[in-house]
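Quick note: the sequence shown, position 139, residue 139 per this note's numbering, numbers continuous. For every residue, glycine included, the Cβ atom is placed at its ideal position computed from N, Cα and C. The structure presented is a predicted model; accordingly, all values stated were derived computationally and were not measured. Data first, discussion second: the structure below is written as structure tokens.
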Amino acid sequence: RSSAASDVYKRQRYYIVEIKQTFRLIIMAHWVLIVLAFAAFALSEDSALSEDQAKEYRELLLETNSRDMASMILVALLTVGGSVGLFLLQKWARLMYLAAAALAVFWTAGQGTPYLNLPFVEAILDVLLIVTGITIGLIYFSPVKDELVSFGNGSVNQ
């Protein structure tokens, strides 16, 4: 009987380890997509636009005001802090990650100036939004939420 209970316990532990590994892969995918989005944006900024379009686009970027800049910096800091905390399976990081996602949505919606990206840049950003949604779903509505630990109570190797 204890052998059967031991087997069940081993399967449960294996399942938990698999969940944690998969969750960490999703967080790493988030980081990779952010880097890809910036790289694709930087590489495509001038090459796919005509000279007049590129000049107009640069002028539009220069119009970024201090409120927009502060919002971008805050979103970046919350995203980095939240995703690193989630990678380390820290419970406090849930709120930070959610705040970053919410602020990014409000900031984007409140920009007031339309912008155009190339299709492959938009595709990367769309996949990034999907991964963000999956991450939020996992940290609040899946067994991952039970594996997040309070600060100092967990180890990276779990």
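If I measure Cβ to Cβ from Leu128 and keep anything under 8 Å in the same chain, skipping five residues before and after, which residues do I get?
His30, Leu33, Ile34 and Ala37
Could you say which of Phe87, Val84, Gly82 and Ser71 lies nearest to Phe106 if we only look at CA atoms?
Ser71
Kindly list the residues whose CB is nearer than 6 Å to the CB of Ala159, restricted to its own chain and excluding five residues on each side of it in sequence; keep chain order.
Examination of residue 159 is not possible in this model, given that the chain is present from 1 through 158 alone.
Outcome for Thr132 when other beta-carbon atoms lying within 10 angstroms are tallied against a minimum of 16:
buried
Once the 5 residues before and after Ala93 are set aside, which same chain residues still bring their CB inside 6 Å of it?
Gly82, Gly85 and Leu86
Roughly how far, in whole angstroms, is the beta-carbon of Glu147 from the beta-carbon of Ile19, given that I think they are within contact range, below 8 Å?
7 Å
Assuming Ile163 and Ala101 make a contact with CB atoms under 8 Å, what is their CB distance in whole Å?
In the structure as shown, the chain begins at 1 and stops at 158. Residue 163 is therefore absent and cannot be evaluated.
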